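Below: the structure, in C-alpha cells.
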Amino acid sequence: MEAEDPAAATTVIITKPSKDAKVGIGLTGEGTIKITTIAPDGLLSGATLEVGMELDTINENKFDTATEATAMLKEAEGQITIVARHVKDTPTTPLLPPGDSSDPPGAPSGGVWGTNTYSGDKTKAAACVGCLCCCLPGLLILLCPFDERDAYKKDNGVYLADGKKLEAGAKFTPKRQVMQR
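For the sequence shown, our numbering assigns the number 62 to the initial residue and increments by one for each residue that follows.
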C-alpha cells in the first residue's frame, strides 16, 4: 500500500441552494489561500476539506486573495466544485472550528467565540446604492455595517480566526451557546 501524496488534490462538490446559503469556510492569505475554519453548520461540514489545506480553485477559477475566493463562494449558486491540497508544512489533522474551545494563533486562551460586524463588500455596495439614490446622506449606511465574520474575544482584545488582532473598539457579539442533546 503506497503512502498518500500530501500534495495530491482533494476535490469537493457541494450544492448551494441559494446565494444566501452558508458554505461555512474561513480563508486567509494572498497568493496562497489557506483554509482557517470549517463551520460545523455550513455546507462543507463533513466534507474531506481540512483546516490548513491550500485552496486551489473554485469552479475551475483561480483567485489571488482570500477576499476574492470568499466573494466567489458567496456569489455562487448551484453546484460548486472546490479543489484544495495538503501542504507539507501544515498539519493534516483538522483543528477545532469556532465555537469549540480552540483559540486563534497568538491570542490569549480562555476567550469566547462570536462574530465581528465590519464594513465589508455588502455594506459598501449598499452605501454606493444609497449614495446614488439619496446623494451624500446615502453614505450614512457606512455607519451601520452589516458584514459579519468569525471573531474571538479575550479581555479587551478581538481577534480573527487567523489570529489577527482587530483595532480597539471592534464590534463583537458572542455566539449563543446551544446545549446539544
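Cβ coordinates follow ideal geometry from the N, Cα and C atoms, glycine included.
Just so we're clear, the structure is a prediction, and the values are computed from it rather than from any experiment.
By the DSSP assignment, the alpha helix (DSSP H) with residue i in it spans what residues?
| i | result |
| --- | --- |
| residue 190 | 182 to 195 |
| residue 134 | 127 to 136 |
Less than 8 Å between the CB atoms is what I'm expecting for residue i and residue j, so what's the real figure, rounded?
| i | j | result |
| --- | --- | --- |
| residue 115 | residue 94 | 7 Å |
| residue 27 | residue 104 | Only positions 62 to 242 of the chain appear in the structure, and residue 27 is not among them; the question remains open. |
| residue 145 | residue 71 | 5 Å |
Over what stretch of residues does the beta strand (DSSP E) that includes residue i continue unbroken?
| i | result |
| --- | --- |
| residue 226 | Neither: residue 226 is in no beta strand (DSSP E) and is coded neither H nor E. |
| residue 143 | 139 to 146 |
| residue 173 | 173 to 179 |
| residue 168 | Premise fails: residue 168 is in no beta strand (DSSP E) and is neither H nor E. |
| residue 115 | 115 to 119 |
Does the beta-carbon of residue i have 16 or more other beta-carbons within 10 angstroms, so that it is buried, or is it exposed?
| i | result |
| --- | --- |
| residue 84 | buried |
| residue 169 | exposed |
| residue 69 | exposed |
| residue 214 | buried |
| residue 234 | exposed |
| residue 137 | buried |
| residue 78 | exposed |
| residue 193 | exposed |
| residue 159 | The pLDDT assigned to residue 159 is 45, lower than 50, so where the model puts this residue is not dependable; a value taken from the coordinates is nonetheless given after this. With 16 or more Cβ atoms within 10 Å of its Cβ, residue 159 is classed as buried. |
| residue 207 | exposed |
| residue 143 | buried |
| residue 204 | exposed |
| residue 211 | buried |
| residue 165 | buried |
| residue 74 | exposed |
Answer yes if the stretch 95 to 112 comes into contact with the stretch 173 to 188, meaning at least three C-beta pairs across the two stretches below 8 Å, and no otherwise. no
Taking one C-beta from the stretch 80 to 98 and one from the stretch 217 to 225 each time, how about it: are there three or more such pairs within less than 8 Å? yes
What ranges does the beta strand (DSSP E) occupy inside the stretch 79 to 113, keeping only unbroken runs of at least 3 residues that lie completely in it? 86 to 89 and 94 to 99
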